[in-house]
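Notes follow once the structure below has been shown.
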Amino acid sequence: MTTETQTKDLLSGGTQTTTRRRAAIASYVLLAVFAVVYIVPSLLVINTSLKTLPEFFKDPIGLASSLNFDNFANAWNLANFPRYLLNTAFYTAVATGIFVLSSIFVAFPIARGYFKGSNVLLTLYVIALFLPPALIPQFQLILNLGLFNTRPGYILLFLVNPIGMIILVNYMKSIPRSLDEAAAVDGAGYFRFVWKIILPLIRPAIATVTVLHAIGIWNEIVMPTIYLTSADKYPITRGLIVFEGVYGSDWPGLAAAVLMLIIPMAALFMFMQRYIISGLTAGSVKG
Amino acid sequence: MQVMKKGYLFGTGRRAALPLLLLVPGVFFYLLIAFGPSLATAFYAFTDATGIKGLPINWVGFENFREFLLRGAASRDNLAALQRTLVFAFFVTTIQFSLGLLLAVVLNQKLRGRFFFRTLFFMPVFLGVVIQGLMWKLMLLPRGGPVSEVFSLFGAQSEFLGGPPTQAFIWVIIVQVWANVGITMVIFLAGMQTIPSDLYEAARIDGARGWQLFRNVTWPLLTPAINTNFLLNVIGSLQAWQLFLVLTGYKPGTQVLGYLIFAEGFGQAGGASSFRQGFAAAASIVLFILVLILGMVANYIVARREKKYMA
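The listed protein sequences correspond, in order, to chains R and X.
Taking the numbering used here, the leading residue of the first sequence gets 2, the next gets one more, and so forth.
Taking the numbering used here, the leading residue of the second sequence gets 14, the next gets one more, and so forth.
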C-alpha cells in the first residue's frame with residue numbers, strides 16, 4: 002500500500018479502514034487454517050520419530066515422553082541410509098552436470114538462430130511436453146543396450162529436460178548480440194566466447210535449471226522402481242519405500258528415516274527457493 | 014558447405030562447424046531417450062512386446078486397443094480407469110486452481126509474515142512424492158492418527174486409505190492438491206506482481222472496492238498466469254499418478270490411466286502375463302489422446318478468454 006492510499010483512507014473516514022482491518026483479519030484466519038494443514042504433518046513426523054514403538058502404539062499422537070534418538074541410529078543402520086544417500090547424490094550430481102553442460106551448447110545456437118533449422122529444433126523441444134509417455138520404448142531401449150540395472154543406464158534417463166532447455170533459450174535471448182561482435186573482433190573462438198563470456202551472464206538461468214533438474218532426480222521414485230533391481234544401487238527414495246515395506250508398522254523408525262531426508266531438503270530449500278520459483282514462473286506470466 | 018547462417022561471426026569454413034559439433038551431444042541425448050521413445054510408443058502399441066530381453070516382438074494390429082476398449086470384464090476395468098482419470102483431473106484442476114488463486118490473492122496483500130506463508134505452502138513441491146506420501150500415510154493412520162482423532166470428534170470413523178476405494182481416492186485427491194497448490198499459487202503471485210499498481214489506484218478513484226477491484230482489474234490482467242495455470246493443471250492432473258503408488262498401491266477401484274500403464278508394463282498388475290508392454294504402450298496412446306483432446310479444449314477456452322480481455 003502506498004502512502005497515497007493511506008492518506009486517502011484517513012480522509013475518507015473510518016469505514017474503509019474498518020473494512021480493510023476486517024479483510025486483514027479474515028486473511029489471517031484463512032492463512033492460519035492453511036498453515037495448520039501444512040505444519041502439522043511435519044510436526045507429527047518429528048514427534049513420532051522421537052517415540053519408542055510401544056509408546057507410539059499406545060498413543061500415536063501424544064507428545065513424545067522423552068527425547069529418544071534411537072530411531073535415527075536404527076534407521077541409519079537398518080535402512081542402509083548412507084549407501085542410498087550416496088547413490089542419490091551421485092546420480093543427481095552426474096546427470097545434472099551432464100545435462101546442464103550439454104544443454105548450454107544446444108540452447109545458445111538456438112537462441113542466436115546460428116544455423117538453419119534452429120527454430121525447428123526448438124519446436125521439437127516444445128512439443129515434447131505433450132507427447133505420449135515414453136516409458137515403454139525407453140525401457141526397451143535401455144534393456145537392449147544392456148544398461149538395465151546399471152548406474153550409467155539409470156543416469157542416461159535423466160540427461161534430458163525440455164523445460165530446462167526452453168528456460169535457457171529464453172534467458173539467452175536477452176543477452177545482447179553486440180557481445181558476439183565485440184568478442185569476434187577481439188578474435189575469441191566460439192568455445193572461449195560461450196565459456197568465458199556467455200556462461201557468467203546466464204548464471205541465474207543456470208542456477209534455476211540446475212535446481213529444477215536436480216530436485217526431479219533427487220525425488221524420483223518411478224524410474225528406480227523400474228530400472229534398478231539390486232539394493233546397492235538404490236537411491237534414497239526407493240530405499241525408503243522398501244524400508245516402509247519391511248518395517249511398515251514401525252512408524253517411529255520410518256518417521257526418523259523420513260525426517261533425515263526432510264532436514265537436508267528443507268535446508269536446501271531455504272537457499273534455493275528463489276531459483277525454483279523463478280524457474281517455475283519464467284515465461285508463464287508474460288503474454 | 015555453408016552450415017552457419019550469415020550472423021555467425023566466429024570463423025568460417027571448417028572452424029564454423031564447431032557450434033554444431035558441440036550441439037550434438039545434447040540433441041543426441043534428447044532424440045535417444047525422450048523424443049524417439051515418445052514417438053516409438055505408437056509402434057509398440059501395435060505389438061505384443063514384453064519386458065524380457067530376446068523374446069521376439071510380433072505385430073498384432075489393433076489387438077491391444079481392442080482389448081483395452083472392447084473386451085469384457087477386463088476392458089470394463091480399463092474404461093473405469095479412464096473415467097477415474099477424468100474425475101481425478103476434474104477435481105484436482107478445479108480445487109487446485111481455485112485454492113491457488115485464493116491463496117495468491119491473500120498473500121499478494123502486504124501482510125506481515127507473507128513470505129513465511131508462501132514458503133510454507135510451497136514446501137511440499139520440494140519434498141517430492143515419497144515424503145509427501147509417507148507424511149500423509151502417518152497423518153491418515155486409521156487408529157489414533159491425527160485426522161482420525163478429528164473425525165472421532167464428530168463421531169465419524171474411517172479406514173482412510175485402506176477403506177473403500179472411493180474414500181481412498183478422495184484422500185489421494187486431497188494430498189495431490191496439498192502437495193501442488195504451492196506451484197499454482199506462486200505462478201498466480203508472479204502474475205499479480207506484474208499488474209501496475211496505478212491501475213488499482215485509478216479503479217479506486219472510480220469507486221471500485223474489494224470484489225470489483227478483483228473482477229475488473231486483477232482477473233483480466235492476470236490472464237497469462239490464469240492460462241498457464243489452467244493448462245498446467247489440466248495436463249498435469251491427467252498424467253499424475255505417483256501419489257497413488259506411495260499412498261494406496263495398485264488398489265482395485267482407485268487406478269488411474271498413468272498407474273495402469275506402469276502396472277501393466279512393469280509387472281505390478283499381477284496375473285500370469287506381467288510385463289505386458291505392448292498393451293501398456295496402447296494405454297499410453299489412449300492417455301495421450303485424452304491429454305491432446307482436453308489440452309485442446311483447455312487451449313480453446315484460454316484463447317477465447319484472451320480475445321475477450323487482451324483485444
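Using N, Cα and C, we set each Cβ at its ideal position, and we do this for glycine too.
No experiment lies behind these values; they were computed from the predicted model shown.
Taking the alpha carbon of residue i as the reference point, which residue from the options has its own alpha carbon closest?
i	options	result
X:L305	R:A25, R:R152, R:P61, R:L132	R:L132
R:D71	R:L54, R:P83, R:L86	R:L54
X:L52	R:P42, R:I105, R:L136	R:L136
X:L120	R:I242, R:P134, R:A24	R:A24
R:A290	X:L212, X:L307, X:A216, X:F139	Chain R is shown only over 2 to 288; residue 290 of chain R falls outside these bounds and no answer can be derived.
X:Y272	X:V315, X:L36, X:V100, X:A94	X:A94
R:A257	X:M148, X:N240, X:N242	X:M148
R:I198	R:F109, R:P163, R:S67, R:G114	R:F109
X:L300	X:G24, X:L92, X:D61	X:L92
R:F149	R:I218, R:S104, R:P225, R:L241	R:P225
X:M379	X:G280, X:G291, X:L245	It is not possible to answer for residue 379 of chain X, since the shown part of chain X is limited to 14 through 324.
X:V37	R:I47, R:F100, R:N69	R:F100
X:L116	R:S179, R:F35, R:A215, R:S279	R:F35
Where does residue i fall in DSSP's three states?
i	result
R:T230	coil
R:F116	strand
X:W72	strand
X:R79	helix
X:R289	strand
X:L60	The question names Leu, but residue 60 of chain X in the sequence shown is Thr. Here X:T60 sits in strand by DSSP.
R:L123	helix
R:A268	helix
From the beta carbon of residue i, is the nearest beta carbon of chain X less than 7 angstroms away?
i	result
R:D181	yes
R:A208	no
R:A135	yes
R:P61	yes
R:V121	no
R:P55	no
R:A74	no
Hey, would you say residue i sits closer than 7 angstroms to residue j, going by beta carbons?
i	j	result
R:I168	R:V210	yes
X:Q255	X:T197	no
X:Y43	R:V161	yes
R:L51	R:A65	yes
R:V37	X:V40	no
R:A112	R:M166	no
X:T106	X:V247	yes
X:Y313	X:P233	no
X:L260	X:V185	yes
R:F159	R:A96	yes
R:I203	R:L86	no
X:A47	R:A129	yes
If you draw a straight line from the C-alpha of residue i to the C-alpha of residue j, how long is it?
i	j	result
X:M136	R:F270	8 angstroms
X:S171	X:T179	12 angstroms
X:T66	R:I143	Here residue 66 of chain X is Lys; the residue named in the question, Thr, does not match the sequence. Distance between the alpha carbons of X:K66 and R:I143: 10 angstroms.
R:R22	R:T89	49 angstroms
R:N78	R:G254	11 angstroms
R:A39	R:V212	A small fix is needed here, since residue 39 of chain R is Tyr in this sequence, not Ala. About 23 angstroms.
X:P265	X:L202	39 angstroms
X:V143	X:G20	49 angstroms
R:I1	R:P201	Only positions 2 to 288 of chain R appear in the structure, and residue 1 of chain R is not among them; the question remains open.
X:G157	R:Y155	40 angstroms
X:G204	R:D187	42 angstroms
X:R27	X:M17	11 angstroms
R:P61	X:F173	16 angstroms
X:F243	R:Y126	21 angstroms
X:F325	X:F59	Beyond the ends of chain X as shown, which are 14 and 324, falls residue 325 of chain X; an answer cannot be given.
X:A285	X:E277	Low per-residue confidence applies at X:A285: pLDDT is 46, beneath 50, and the placement is therefore not dependable enough to give any value.
X:I208	X:L235	8 angstroms
R:G1	X:T132	There is no way to answer for residue 1 of chain R, as the model of chain R reaches only from 2 to 288.
X:V315	X:N240	6 angstroms
R:E5	R:L32	No answer about R:E5 holds up, because its pLDDT of 48 lies below 50 and its placement is not dependable.
R:G147	R:F140	11 angstroms
Of all the CB atoms in chain R, is at least one closer than 7 angstroms to the CB of residue i?
i	result
X:G175	no
X:R27	no
X:V269	no
X:A203	yes
X:T261	no
X:Y322	no
X:P69	no
X:S297	yes
X:T231	no
X:V51	Just to set this straight, residue 51 of chain X is Ser in the shown sequence, not Val. X:S51 counts as touching chain R.
X:K264	no
X:F48	yes
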